[in-house]
Structure formats: C-alpha cells, structure tokens
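Residue numbers (my numbering): 3 to 146. Cβ atoms here follow ideal geometry from the backbone N, Cα and C, with glycine treated the same way. First comes the structure, then the notes that go with it.
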C-alpha cells in the first residue's frame, strides 16, 4: 500500500523536491494557519476565547487538540514543516487504508471483499477532494 501511494505522488517528490505547497493553494493557507496555531501552542497563549487566529477557535480546538497527526508538526523545526506536508498526506492515505481495512474486517471475513472495499474508499473521489483541507480525513481515520 505504501509503495502504491509513494508511486502515485512520485512526480511531486521528484520534480518539486517534496514541496507540495503552491501559491494560492489550500495547503499554503493551511501552512500559515498551522504556523500560527503552533506558535500559540508553543508559547502558551492559545485559548478557546482567542479569535485572533483566524476563523474561530472551535475549528482550532478540533485541529490542534483532537487530531494526533497535528502534534507531529510540533516536533518539527519551523523551516521543515512546508516540506513535510507531502509526506503528511501520504501518511494520511496509508492510515486511511489501514483504518478501512480494520473496519471492513469487522463486516466480513472474505479477504478479497475487505481488500477491494479498503481500496475503493481509500482512493475514492471523496478522499482526494478533502485531502487538501487537512483535517477531514483525520476525522475519518480516528473517529469512525
């Protein structure tokens, strides 16, 4: 599964040197949003009543406190975060496949049905439509 996902994104890995943020892209907006939230978390000034972060802290609280994948960014140096976005998306697709595999194994014992169902949901249009919104797939992975 990991080989399939890396092969699918190999063009961006090779030609863009793992830089997946383009001007005007949702990833660029998410990058700035993430930097602001991480700086507030690191200096201890993040509060649920702070509206200076953008579009409301109900969204920020979900993004930074309930998704384990967002805490990976806090471990990286600030200059590496924009290069980590591509691998972050690859990790989310692989984790989505594993979560789907586990979910389908609870429905049926047929290995072929489990595998086909996992691939269909993982590589569906829904997944790639919401890939650039950074947190919808996290909810699908962890809170199903």
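Spatial neighbours of residue i within its chain, please: C-beta separation below 7 Å, excluding the five flanking residues on both sides.
i           : result
residue 142 : 98
residue 133 : 91 and 139
residue 21  : 84 and 85
For chain D, check one thing: does any of its Cβ atoms lie closer than 8 Å to the Cβ of residue i?
i           : result
residue 106 : The structure shown contains no chain D; it is built from a single protein chain.
Going by DSSP, what residue range makes up the alpha helix (DSSP H) through residue i?
i           : result
residue 114 : 113 to 124
residue 74  : 72 to 75
residue 97  : 83 to 109
residue 132 : No alpha helix (DSSP H) contains residue 132, which DSSP labels as neither H nor E.
residue 46  : Neither: residue 46 is in no alpha helix (DSSP H) and is coded neither H nor E.
residue 11  : Where residue 11 is concerned, there is no enclosing alpha helix (DSSP H), given that its DSSP letter is neither H nor E.
Less than 8 Å between the CB atoms is what I'm expecting for residue i and residue j, so what's the real figure, rounded?
i           : j           : result
residue 118 : residue 103 : So it is not a contact: roughly 11 Å between Cβ atoms.
residue 28  : residue 130 : About 13 Å separates the two Cβ atoms, so there is no contact after all.
Nearest by alpha-carbon distance to residue i: which of the options is it?
i           : options               : result
residue 95  : 81, 41, 122 and 73    : 122
residue 105 : 37, 145 and 87        : 145
residue 19  : 82, 129 and 112       : 82
residue 100 : 84, 28 and 124        : 124
residue 33  : 9, 84 and 127         : 84
residue 16  : 72, 88, 130 and 78    : 88
residue 80  : 47, 12, 35 and 137    : 35
residue 3   : 120, 130, 126 and 128 : 120
residue 76  : 93, 11 and 44         : 44
residue 137 : 30, 47 and 71         : 71
Using C-beta distances below 6 Å, list every residue in its chain close to residue i, excluding the 5 sequence neighbours before and after it, in chain order.
i           : result
residue 107 : 116
residue 47  : none
ask   = With a cut-off of 8 Å, do at least 3 Cβ pairs link the stretch 6 to 14 to the stretch 36 to 47?
value = Counting C-beta pairs closer than 8 Å gives fewer than three between the stretch 6 to 14 and the stretch 36 to 47, which falls short of the contact rule.
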